[in-house]
Each structure stands twice: as structure tokens, then as C-alpha cells.
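A.B. asks: First the structure, which I've put down as C-alpha cells, then a few questions once you've had a look.
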Amino acid sequence: MHLVLLWGILDINFHSPIIQGLPIVPVLKNAPAKRLVLLIADGLRYRTFIEDIPPYLQTVIKLKGAWGISHTRVPTESRPGNIAIAAGLYEDPSAIFKGWKENPTDFDSVFNQSQSTWAWGSPDIIPIFTKANKGNVQGESYPSEWQDFGGLQNDTLRLDSWVFDKYLQWLEKNSHTIKHMDGIIFFLHLLGCDTIGHSQKPHSREYIENMRYVDKRIEEIVNKTEQFFDDGSTAYIFTADHGMTDWGSHGSGSTDETETPLIAWGAGVSFTGTRYDVDQADITPLISTLIGRPIPSNNEGILRRQYLSHNDMYNAQALLNNLKQLSYQVKGNRIISCGTSDDSIDWRELELNKRIWQINQHINNGQILNGIIKAEESVILAKEYLYYFRQYQRSHFLTYMTLMWSSWIIFLFLKIVGIPRREIKSSVLLLIDVIFTILLFMLIMTHIGNNGNNLRHLLYGFFTIISVWLASRNLIILIPQLKKQNMQKFVTEVGGTIFLLFTMFMGLTYRVALSAGMLFIILMQKVILGEIHNVLLWSGLGLAVFPLLPIVEPHPRIYIVLTGICIMICRVTLKHQLKYKKAIEIIRLIITGLIYLKLIDGRHWVSWIILATVPLCTWTYTANAMDRIEGIIIGLFCPLSLLSASYEPLFFLTLAVHLLHWPPFIEDFDKTTKNILSATDFAKAAFFMLYTLLCFFGTGNMASISSFDPSWTQHFITVFSPFIMCSLILFKLSIPLILIGCASHILGSPTAFLSVLFLGDCLSLPLMYCVSPQGSWLEIGSAISRFTIAIALPCILLLLHYISYPLMRWNLKHFEYVSLEKKHIV
């Protein structure tokens, strides 16, 4: 069920909006330009550009063309930015399944619709447009090794000079072959500003010099182009795919990242010199209109007449084409979103069709200006309708998921705490079965009646009906019953559990909320356990401090790690046990400290021996559960210290002390009530869940493994080996979690994991609304991580329980299972 729900959330939010097979609008006749040169300066932000405008482009702005700000959308990255310019569509959310490296779904672009396109530039951008073309797009890229962010400026200039030189060479050799052809595009992708911006920052002298170099070469290619073709039929567009922050990054939604310059001049372009801002996708219909080619079928952009010269008849036809293209998308999205057939029609489509007819009438009657005004109003309306149907599909499926998830939670709750009713009316059950059978039949018939257009609607509806049916049957068959206890204590525990769920929900986004949750746990422990040990109180306060500290960075703070080692040595020294065992543990801790100080080189065998001997050291402890956990803490502490960079050992020690001073306060249930839960069970389950989240976020975030520093594993291995290094970091992150799993053998109850399962599902229900396909890749990835952790939390705790089984149950002396003081069945 969890896999179905996880798949559903990913499918709803990251399903491609691109529709294949949409009708293509007709070619425009009498286009003002035969060819267009598209220049995209990757990473050129508007603020730097306007503060120090290069001389040639400044002349163009004042005397030759139209200009303004092109507003991009998040994520402000190169691939989605270039696609928005050339195809009129923004980030395809399904790109998450390709690691954001490419669009999984083929899309239409101005290059596909052109008569012929030649493209030169980055090996990360040019292949996007050449891999799925109709044979009319030719591209060439320089070696990927040239894209070195740490390279010298001259090397970076080589990226742009290569592109300009390739274009000029093509002009000299091949320009005569297309001199009289229409619908030609030249695409020059210029990566220099982006590369220098990352390495030298966008306010640096090198960045401005690169911008001026691009300006100088643009002047050269414009002069050469006009010289070779000599017909005044070439249009030029200069823009950028995204901007950049002062510290040289991009991807988010700050003004510096979302504002880029746009300059258009040449054949068919207005030369009023006035500024007019546009959305980035609006560049696509502008390109198509200037060369008279069909607008790409999935374009979301609106043609901005302010950039076109005053040819009212042509402009009116171009706007009408833009409206038709958007109306085709509205119909396609209506069929997909509503699961209806091609033959049916929505009132929104009727409205657009009516407007198309009215605009045609205005044009045919010679009322061109009225037609233009009507068309400009209509394209904005068509875009609103398009977004309505796209959002309708997501909202519709989220409603299905909410019903499905809520029904599952009800079903699970009744299975955990429900007991059979004394009297069950079979007629009511039969009525429920009949109703849901009819609903299933209607769903299937509706799907067949729509020619099986949308299988997704059928699947979501099917799972939702089945889930609600199971929940309804169990509501009739079972009645919830919790173990009787004091009412005041019951209300306190239920209210506390709900509050802890809220703090966990907030803690997945804001670590500080976990501190509030930990403080509340201390109060709850006082209610549940009555008198609590002072050490349990102070260690709980200590755990509440860690989420307030900065996330652990890879740069080692040796003194903090050594402090943790010294504290553990003192603890072992004061512990009552056999002298030879105490001596071995102290020597093991001292060797760990010497390795961390690099007085001993542990890379070859010493560090690995310390890691490999963890189970052996653990199994020498007695069968007493608390004694065994002491051995596990000492055994795991040494490899954790060798993999630490800051306060991780102190967090582990604080968590260990806290768990060790939990009194094994679990009442045994008698045979008649062993399956009945109490509010205390749910409260303890919430404790374990918050402890687990503290292990994830107390010292940082699990997502940091994707950017770990090799220095973290320097005491085990220094030769770069991603698999071994990642395995070691994963082991380090799992050490506090293993401790939680060991504690569950003592503190857990027979129904603890069922309680965790129920509470985990309650936690993940609101989190599914936080998953969104919009925002930066970091924001999208973080939302997915939070939801995945919440939905997987019960499985994680159950897995930890069984992984810790050998550590808790095996005995080295007899090499057999040892008995705990308490045995519980999960």
C-alpha cells in the first residue's frame, strides 16, 4: 500500500505536461525575415548587463531594436531555460526521473519547425535539440573538458570564440546554399558568462570583460551576416537562459537569477527603442512569427506585438495562430485531465472557438486593429484555461489520493485497536458491497465510453474505491477499543502524541522544531513514567540542543571529536567490570584518538580492524539487555569517531545515556487483552519516531550524502572510491539508528510497531501536499525527501529492530541466542 501511495504522489507531481500529436498551426505567409540568428549568453544576468551595457548592444537598444527584461521561472538552470526560449515550455517535472539532466519526453521547438537550423555551443545544450529532430537540425559542440569552472579566463573565452568562429566558417562555406530559403535559424549558445560567473562571480572584472568580448563578436557576426546575405532579411535575438547571484550560483528564484536581458533587432522587429518586459516563454512565438514558421505545439508563450514592426495584417494573423495553438493545448489537456473523449467539448473551448471566429471576421472585414485587440485579450484567456486544466488534473488526483490514504489510515486503526462488534447486520454489509460494486462498474463504463483515453483516471479511481470499501466494511465489523486507563492521563497522552506529530511535521522542514519536540517528550515522560531519573531529564535537554546547532560540515573540528573520545574513556574507566575487558576497551579508544590525530596511519589495517571487531566486542558482554547495550555503545563509538567531523560523537553519547536511563516500564498484557493498545503505546511510538528523526536531522540531513567530502573517510581510505566511501558514510549515519533499534528490544511493546505504522501514516498524509513540481531542484528534492522519510519511517524502525537482533541476542561464548529479560513478538 505504501508503494502504491508513493508511486501515486510521484506520478501526480512529476508527470510530463507535454502532449504528443497536437495539431500544428499553419505557416504564416509573407514573413518579414527569411532567417534568424538566436544568441543565448548562458548565465548573463540583467543587473550586471544594464549597469555596464556593452557598446554595440547599447547602440542596438537605442537605435535599431526593441528590448526589455525576460523573466525566467524557477528552476533557473540552463536546460529548462534554453528549452523555454526555443520551445515555449518550462521545466518538465518528469525530468526528475532522469536526474534533471534531460527531458524524458520529446518536445517540439522552433528548431523542429524551421526549414533548417544550425546550432553551435555547449555539449550539454546542443544535443537536447538535435537528438529528436526531423533531420532539419544540425548541431556541433566543443569537447566537454573545455567546460572547466576553475579554468583561466582565456580558456573560458575559448568557449565563445569557438562558437563565433564556427558560425563565420559556415557563412563562408555554405551561406550561398540557403540564401534564398525561408525559415532558417542559426543558434549560438555562449557559455562563457556562466563559466566565469561560477568561478570569478558575476560582479568581477573577468565577467564584464567576457560580456564585452561577446558584444564585440556579435557586432562582427552581424556585419558578416549582412555582408554575405545582403538582403536585409535577417532578424537577431540576444538573450540569456538565466541569471546568477552575487556568489555565483543559480537555480532559485531571486531577482538576479530570474531577470535576463532580451534584445531583438533586424527584419520584422520594431525599432522604437522602448523597453517592454516579457516572460521567457514569450520568446518562442516571437521567433516563429519573425520567420513565419508554425509555433511549437506545446508552447505556453504569448506573442508580444510590441516587438514586431507595424504590419497590422501580418501581426493579426500571427496572434490568431498563437490563439489557435493555445486552444489546441486547452483541448488536449481537457481530454487528459477530465478523462473525456475527443467528441465532447467544454464551455471554455466553446468560448475560445467563438473568439477565433470573431477575430477571423474582424480580419476578413478589414477591421484589423479590432482583430488584434481581440486576439491579445484571447491569448491571455487561453493561457488561463490551459493552466486551469493542468491544475485540475493535479487537484483531481490529489483528491483521489487523500480519500485513498485516509481510508487506509481508518482501516489500519481499526485493525490495530478494533474488536468485532457483537451484532453485525449482514444486510448492511451486502448494501455496502452492492454500492461499491456499482461504483466500480460505473468507473469502468465511463472509461470505456471515453475510448479508454486515460488509464490513469481508471487506476486512481479503482484504488480509491477499493480503499474506501475496505474502510467502510471495517467500520461496520469492528469497533475501536483502547485499554482502559485514567482519563486525565489518557487525554494528556493523546494530546501529547498529536503535538509530537505536529513537531515532527515541522521538524522535517525546520530542524529547530525537533528541539521543541524533545522538550515536550521530557514532559510526556514525566506523565507516562511518573518519577524519572535526573540523568534522563538532563540528557533529554542535551538532545534538544543539537537541532539548534549548525549542520555538520566536512571540515574536521578535531577538538570536539577528541572531547567525545575522552568522555568515553572516563566512562569506561569508572565502569564496574573485569579489568582485562576494561583495559582492552580503553586501549581501543586511545588507538582511535591517535588515528584521528594522524599519529597512527589507520588506512591500511588499524581502522578497518576497529570497525570489524565491533560485533566481537559486543558479544563478549553478558545476556543482560542493559549490559549488552552498553557493549554496543562502546563498540560502535570508535568507528563513529573515526568517521566524524564535529559533534557527532557527543550526539551519540547523549542519545545513548538518554536511552540507558529509560526504565523498562512496560506492563505485560494478559492473554485476553494482549492485542488491545493503550494511549501509552501510541505515545511511546511517537517517542521512537522523534528519536529516529533526531538521528536523521540532529547532526544534519541524510541528503548531504550526495555532496559528502572525501575527508570524512580519510582515516579508512584516501584513494577516491565512491562505493566504499558512500558505504562508510551510510554506516556512520546508521550508527545512532542502530542504537534506536537495539533500544526497541527493551522499550518496545508487542504493538509498538503497529502504533508507529499508524502514526507514520498520519504524519505522511499532510506531507504529500508539500510535494510540488514547482521551485528549484533543491526545493523539489527536499520536499520529496521529507515525504519519503515520513512514509518509510515505520519500515525503517522495523528494519532497525531486526538488524539489531544479532547484536542483542547472540553470545560469543556459547555462540547461541541469548534470552532477554523480556521477550516480545512484533
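Going letter by letter, the sequence shown gives residues 1196 to 2021 in my numbering. Glycine included, C-beta positions come from ideal geometry on N, C-alpha and C. Remember, predicted model here, so these are calculated numbers, not experimental data.
(1) Opposite residue 1266 in the DSSP bridges: which residues?
(2) Out of curiosity, what's the CA-to-CA distance linking residue 1935 and residue 1445?
(3) State the start and end residues of the unbroken alpha helix (DSSP H) segment that holds residue 1210.
(4) CA-CA distance, residue 1441 and residue 1454?
(5) Tell me whether the region 1250-1267 and the region 1323-1337 touch, counting them as touching only if at least three CB pairs, one residue from each stretch, are closer than 8 Å.
(6) Would you kindly work out how many angstroms separate the C-alpha atoms of residue 1666 and residue 1602, rounded to a whole number?
(7) If you measure between the beta carbons of residue 1504 and residue 1227, is that distance less than 8 Å?
(8) Can you have a look at residue 1640 and say buried or exposed, based on whether 16 or more other CB atoms are within 10 angstroms of its CB?
(9) According to DSSP, which residues form a beta bridge with residue 1382?
(10) Under a Cβ-count criterion, where at least 16 other Cβ atoms within 10 Å of its own Cβ denotes burial, should residue 1283 be classed as buried or exposed?
(11) Between the alpha carbons of residue 1834 and residue 1694, how many angstroms are there, rounded?
(12) Going by beta-carbon coordinates alone, are residue 1723 and residue 1875 separated by less than 8 Å?
(13) Could you give the distance in angstroms between the alpha-carbon of residue 1687 and the alpha-carbon of residue 1709?
(14) If we count the other Cβ atoms within 10 Å of its Cβ and call it buried at 16 or more, is residue 1339 buried or exposed?
(15) Since I believe residue 1675 is in contact with residue 1612 (beta carbons under 8 Å), could you give me their beta-carbon distance rounded to a whole number of angstroms?
(16) Which residue wins for smallest C-alpha separation from residue 1309, given the options 1236, 1413, 1400 and 1487?
(17) Looking only at its own chain, which residues have a Cβ that is under 6 Å from the Cβ of residue 1828, when we skip the five neighbours before and after it?
(18) Restricting to Cα atoms, I'd like to know which of 1535, 1497 and 1402 is closest to residue 1243.
(19) Tell me the rounded alpha-carbon separation between residue 1573 and residue 1260.
(20) Does the distance from the CB of residue 1500 to the CB of residue 1473 come in under 8 Å?
(21) Hey, could you find the ends of the alpha helix (DSSP H) residue 1395 is sitting in?
(22) Please specify which runs of the alpha helix (DSSP H), each continuous and at least 4 residues long, are wholly inside the region 1758-1819, giving them in chain order.
(23) Starting from residue 1690, follow the alpha helix (DSSP H) in both directions and report where the run begins and ends.
(24) Leaving aside the five residues before and after residue 1711 along the sequence, list all residues of the same chain whose C-beta is less than 7 Å from its C-beta, in chain order.
(25) By DSSP, does residue 1872 sit in helix, in strand, or in coil?
(26) According to DSSP, residue 1503 sits in a beta bridge with which residue or residues?
(27) Can you tell me the Cα-Cα spacing of residue 1452 and residue 1495, whole angstroms?
(28) In chain order, what residues of the same chain lie with their CB nearer than 7 Å to the CB of residue 1392, ignoring the 5 residues before and after it?
(29) Quick one: Cα of residue 1516 to Cα of residue 1230, how far?
(30) What does the alpha-carbon distance come out to for the pair residue 1426 and residue 1512?
(31) Please say whether residue 1208 and residue 1968 have beta carbons closer to each other than 8 Å?
(32) From the DSSP output, in three-state form, read off residue 1285 for me.
(33) Quick test of your reading: residue 1551 and residue 1507, contact by CB under 8 Å. State the CB separation rounded to the nearest angstrom.
(34) Between the region 1518-1527 and the region 1570-1585, can you find at least three pairs of beta-carbon atoms closer than 8 Å?
(35) Let me confirm a value: residue 1621 is counted as buried when at least 16 other C-beta atoms fall within 10 Å, else exposed. Which label applies?
(36) Using DSSP bridges, identify the partner residues of residue 1966.
C.D. replies: This is what the structure gives:
(1) 1454 and 1474
(2) 39 Å
(3) Careful: residue 1210 lies outside any alpha helix (DSSP H) and carries neither H nor E.
(4) 14 Å
(5) no
(6) 5 Å
(7) yes
(8) exposed
(9) 1233 and 1314
(10) buried
(11) 36 Å
(12) yes
(13) 20 Å
(14) exposed
(15) 5 Å
(16) 1487
(17) 1851
(18) 1402
(19) 27 Å
(20) no
(21) 1387-1395
(22) 1774-1791, 1801-1807 and 1809-1814
(23) 1682-1702
(24) 1698
(25) coil
(26) 1464
(27) 21 Å
(28) 1238, 1402, 1439 and 1443
(29) 20 Å
(30) 24 Å
(31) yes
(32) coil
(33) At roughly 18 Å, the Cβ-Cβ gap does not stay under 8 Å, so residue 1551 and residue 1507 are not in contact.
(34) yes
(35) exposed
(36) Answer by DSSP bridge pairing: none, since residue 1966 is not bridged.
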